[in-house]
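Below: the structure, in structure tokens.
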Amino acid sequence: MRTPDFFNEISPITLYDPLSEILGAAEEGMITYTYADVVKLAGHSCPTVAGAYLMVQAGLKALYGEEIPVRGAIKVLMNGILGEGVVGVNANVASMITGATDVSGFHGLNGKFDRRNLLFYGVDIDSEMALERVDTGTRVILNYDPSSILPDPKMKALMMKVLSGSAEEQERKDFGEVWQDRVRRIMLEGQKNGSFITATIV
Numbered sequence: 120m121r122t123p124d125f126f127n128e129i130s131p132i133t134l135y136d137p138l139s140e141i142l143g144a145a146e147e148g149m150i151t152y153t154y155a156d157v158v159k160l161a162g163h164s165c166p167t168v169a170g171a172y173l174m175v176q177a178g179l180k181a182l183y184g185e186e187i188p189v190r191g192a193i194k195v196l197m198n199g200i201l202g203e204g205v206v207g208v209n210a211n212v213a214s215m216i217t218g219a220t221d222v223s224g225f226h227g228l229n230g231k232f233d234r235r236n237l238l239f240y241g242v243d244i245d246s247e248m249a250l251e252r253v254d255t256g257t258r259v260i261l262n263y264d265p266s267s268i269l270p271d272p273k274m275k276a277l278m279m280k281v282l283s284g285s286a287e288e289q290e291r292k293d294f295g296e297v298w299q300d301r302v303r304r305i306m307l308e309g310q311k312n313g314s315f316i317t318a319t320i321v
């Protein structure tokens with residue numbers, strides 16, 4: 120799998136997963152997710168997928184500081200309803216990284232490691248997404264706004280040609296490159312100074 124070079128410049132997210140440790144899936148239960156991992160989940164790289172990754176990353180940092188976040192011990196709260204806009208995309212990325220699911224996840228072992236009832240939609244929060252520690256109840260509300268990073272002026276015309284089926288091979292390649300260039304600028308600038316993400320403990 121060949122991905123854009125900038126994927127390797129994006130900081131990974133490492134969590135401790137006690138279930139993974141118990142079942143011997145990862146040494147000492149340490150699991151690391153990269154941006155490429157969530158791209159595989161979504162099947163594409165776009166500003167929404169990038170934003171979901173950045174929000175979860177910023178949220179875990181706000182909740183845990185220098186501690187290693189505990190996978191399976193974090194609630195994901197979504198303001199929107201599943202099926203609306205990009206709510207599902209954001210939730211899927213957050214679910215993958217944190218282990219939180221609604222009713223579709225792992226039932227647990229002898230009352231432990233249950234991953235259900237940790238992901239909620241239609242929650243009355245003043246943000247797109249919030250993360251909450253199960254152990255302390257501390258909650259961080261998260262918003263993402265990449266509008267200051269403008270797309271390449273050529274992108275709209277190229278997109279129309281690609282979607283209409285009239286684009287030449289080079290135009291299709293050019294479209295993918297300018298599309299990923301905006302994602303690159305969002306991700307690298309966002310990780311540098313967090314200017315597109317607000318993470319507020321409540």
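If you're matching positions, the sequence shown starts at 120 in the working numbering and goes up one per residue.
Glycine included, every Cβ here is placed at the ideal spot set by N, Cα and C.
Quantities reported herein were computed from a predicted structural model and do not represent experimental measurements.
- According to the DSSP secondary-structure assignment, residue 249 is paired through a beta bridge with 196, 260.
- For residue 120, there is no enclosing alpha helix (DSSP H), as DSSP gives it neither H nor E.
- In the three-state reduction of the DSSP assignment, residue 239 falls in the strand class, which pools E and B.
- Between residue 271 and residue 264, the alpha-carbon positions lie close to 18 Å from each other.
- Around the beta carbon of residue 121, fewer than 16 other beta carbons sit within 10 angstroms, so the residue counts as exposed.
- By the criterion of a C-beta distance shorter than 8 Å, residue 244 is surrounded in its chain by 196, 198, 260, once the five residues flanking it on both sides are discounted.
- By the C-beta density criterion, residue 254 is exposed, having fewer than 16 other C-beta atoms within 10 angstroms.
- Annotated three-state conformation of residue 228 is strand, per DSSP.
- The three-state reading of DSSP puts residue 208 in helix, counting H, G and I together.
- Membership of residue 305 in any beta strand (DSSP E) is not indicated; the residue belongs instead to the alpha helix (DSSP H) covering 288-312.
- Between residue 278 and residue 129, the gap from beta carbon to beta carbon reaches 8 Å or more.
- Within 10 angstroms of the beta-carbon of residue 124 lie fewer than 16 other beta-carbons, which makes it exposed.
- Secondary structure note for residue 141: its alpha helix (DSSP H) is the uninterrupted segment 137-141.
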